[in-house]
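Numbering (full-length UniProt numbering), first residue to last: 1 to 337.
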Amino acid sequence: MKKIRWGVLSTAQIGRTQVIPAICRADNAEIIAIASRTSKVHAIAEELQIPKAYESYEELLDDPEIDAVYIPLPNHLHKEWVIRSAQKGKHILCEKPIALSELEADEMFAACKEAGVKLMEAFMYQLHPQHARAKEIIASGEIGEIKLMKSSHSFYLENRSSDIRMDAAMGGGSIYDVGCYAIQAIHHLTDAEPVEVQAEGDIDPSTGIDLTGIVRMKMSNGVHALFDCSFDMVSRNDYELIGTEGSLKVPFAFRPDLNGHIGTVLVHKSGVTREERILGDSYRLEIEQFSNAILTDTDPAITADSTLKNMRTINACYRSLETGEKVHIEETEETFY
């Protein structure tokens, strides 16, 4: 089997602990290089058994043996390095949120289209099969017509003085960091976009970032949605859909890897709860799906249209949080790259 040869821009923890090991587990991928702006990259490459180590991102992008790059850089650097990678002919898996605005994301996809390379936002959670199963149950009508979707994603952030997620200039904030998952899940499970967004939350007085966001949305198909995200609450990562005849809950929605890769779908109807347990390696599936999209020249699982809609909603949340007002979003036609 032909394998996509991967390079990683930066020695970020998520790359070292999650994505690089997933590349090694994947059937159609292999890791061949990692880059950093410091000499520590050599020790990390040796530890992770990566053949090549570069002390600059530019050197890695100049390596003709690399087919695709994974970018786990801070949010404010995504646009620059996605475009630079595209210009060097590399396919790109970029961490979420892909950008700081819909405009930035649109420019990134346009650059990738011009360069003839693929770009996918790294929402690894959606590749876990529990979500496809949830959509099957919803489509079957088992829980009736969906009226409400709720989602929560939070954790208590330690060592705040040194964490980039507390830096507004670098794209810090709970909505950018974890709320983006809830927003993406609401889009995906309701098959709709929000037309109204109302956000409130807790702003850190010293940094200006949102420590907590609580957002109400009305979707284009009439479904109501509510999500909360936080750096100030116990760890949670779930969603629930409430219909006219029953409800469906996924308690390990965004991090099933913290539950032994086991996803759980709970269907409650007529006083009875049915539990379905579904195994899936989210990070490996993400790498294999994107690598396969490159090998077969097909669309990635997380499409440009999905990413742009997500960024549009994130930006609306921040506008509402800043003004205290409800934000109205016009429905847009799909954009294809």
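Every residue gets a Cβ at the ideal spot worked out from N, C-alpha and C, and that includes glycine. Here the structure is a predicted model, which means the values were calculated and not measured.
Q) From which residue to which residue does the beta strand (DSSP E) around H128 run? A) Taking the first residue of the sequence shown as 1, we reach residue 128 at position 128. For H128, there is no enclosing beta strand (DSSP E), as DSSP marks it with neither H nor E.
Q.
Suppose contacts are defined by Cβ-Cβ distances below 8 Å. Is residue 340 in contact with T190 by that definition?
A. Given that the chain is displayed from residue 1 to residue 337, the structure contains no residue 340 and the question cannot be resolved.
Q.
Quick check on the burial criterion: 16 or more other C-beta atoms within 10 angstroms. Buried or exposed for K96?
A. Residue numbering aside, residue 96 sits at position 96 when the sequence shown is read from its first letter. It counts as buried.
Q) Would DSSP call F336 helix, strand or coil? A) Stepping through the sequence shown from its first residue, residue 336 is reached at position 336. Only weak support exists for where F336 lies, its pLDDT of 44 falling under 50; the value from the coordinates is given anyway. Coil, per DSSP.
Q: Could I get the ranges of all uninterrupted beta strand (DSSP E) runs contained in the UniProt domain "GFO/IDH/MocA-like oxidoreductase" (132-248), with 3 residues as the minimum, in chain order?
A: You should have 146-156, 194-203, 210-219, 224-230, 232-243.
Q) Near T335, which residues of its chain fall below 7 Å by C-beta distance, leaving aside the five closest residues on each side in sequence? A) Position 335 of the sequence shown, counted from the first residue, corresponds to residue 335. The predicted model places T335 with a pLDDT of 47, which falls under 50 and marks its position as unreliable, so this point remains unresolved.
Q: For V197, count neighbouring Cβ atoms within 10 angstroms of its own Cβ and tell me buried if that reaches 16, exposed if not.
A: Taking the first residue of the sequence shown as 1, we reach residue 197 at position 197. With 16 or more neighbouring CB atoms inside 10 Å of its own CB, V197 falls in the buried class.
Q) Where does G263 fall in DSSP's three states? A) Here residue 263 corresponds to residue number 263 of the sequence shown, with the count starting at 1. Strand.
Q.
What does the Cβ neighbour count give for T273, buried or exposed, with the cut at 16 atoms within 10 Å?
A. For the purposes of this step, residue 273 is taken as residue 273 along the sequence shown, with counting starting at 1. Exposed, by the Cβ-count rule.
Q: Just tell me which of I23, M1, S39, Q13 has its CA closest to the CA of E286.
A: Numbered from its first residue, the sequence shown carries residue 286 at position 286. For E286, the closest alpha carbon among the candidates I23, M1, S39, Q13 is that of I23.
Q: Kindly identify the DSSP beta-bridge partner or partners of L93.
A: As a working mapping, residue 93 is identified with position 93 in the sequence shown. By DSSP's assignment, L93 forms a beta bridge with Y70, M120.
Q: With a 10 Å radius around its C-beta and 16 neighbouring C-beta atoms as the bar for buried, classify A33 as buried or exposed.
A: The residue given as residue 33 occupies position 33 in the sequence shown. It counts as buried.
Q. Under the rule that 16 or more other beta-carbon atoms within 10 Å means buried, what is G324, buried or exposed?
A. Taking the first residue of the sequence shown as position 1, residue 324 is located at position 324. Exposed, since its Cβ has fewer than 16 Cβ neighbours within 10 Å.
Q. Where does G7 sit, in a helix, a strand or coil, going by DSSP?
A. Within the sequence shown, numbered from 1, the residue matching residue 7 stands at position 7. In the structure shown, G7 sits in a strand (DSSP, three-state: E or B).
Q. Which runs of the alpha helix (DSSP H) fall wholly inside the stretch 6-64 and span at least 4 residues, in chain order?
A. DSSP runs (the alpha helix (DSSP H)) wholly in the stretch 6-64: 20-25, 41-47, 57-61.
Q) Whose CA, out of I175, D204, L241, I209, lies closest to the CA of R312? A) Counting from 1 along the sequence shown, the entry for residue 312 is found at position 312. Taking only the C-alpha atoms, the option nearest R312 is I175.
Q | Contacting residues, own chain, Cβ-Cβ under 6 Å from R165 (five flanking each side not counted) | A | Residue 165 sits at position 165 when you count from the first residue of the sequence shown. If we look at R165 and ignore the five residues flanking it on each side, its Cβ neighbours are G172, D177.
Q) According to DSSP, which residues form a beta bridge with I98? A) The count along the sequence shown starts at 1 and reaches residue 98 at position 98. None, per the DSSP bridge assignment.
Q) Looking only at its own chain, which residues have a Cβ that is under 8 Å from the Cβ of S101, when we skip the five neighbours before and after it? A) If you number the sequence shown from 1, residue 101 lands on position 101. Within its own chain, the residues whose Cβ lies closer than 8 Å to the Cβ of S101, once the five positions on either side in sequence are excluded, are M311, N315, listed in chain order.
Q | the stretch 43-53 touching the stretch 79-97, judged by at least three CB pairs closer than 8 Å | A | By the criterion of at least three beta-carbon pairs nearer than 8 Å, the stretch 43-53 is not in contact with the stretch 79-97.
Q. Can the beta-carbon of M120 be found less than 8 Å from the beta-carbon of I83?
A. Position 120 of the sequence shown, counting from 1, holds the residue named residue 120. Position 83 of the sequence shown, counting from 1, holds the residue named residue 83. Taking the C-beta atoms as reference points, I83 is found no nearer than 8 Å to M120.
Q | Assigned secondary structure, F254 (DSSP; H/G/I helix, E/B strand, else coil) | A | The count along the sequence shown starts at 1 and reaches residue 254 at position 254. Three-state DSSP puts F254 in coil, outside helix and strand.
Q) H153: which of R284, S230, A110, K79 sits nearest, CA to CA? A) As a working mapping, residue 153 is identified with position 153 in the sequence shown. Among R284, S230, A110, K79, the Cα nearest to that of H153 belongs to S230.
Q: In the DSSP assignment, find the beta strand (DSSP E) that holds T273 and state where it starts and stops.
A: Counting from 1 along the sequence shown, the entry for residue 273 is found at position 273. Per DSSP, the continuous beta strand (DSSP E) segment holding T273 begins and ends at 272-279.
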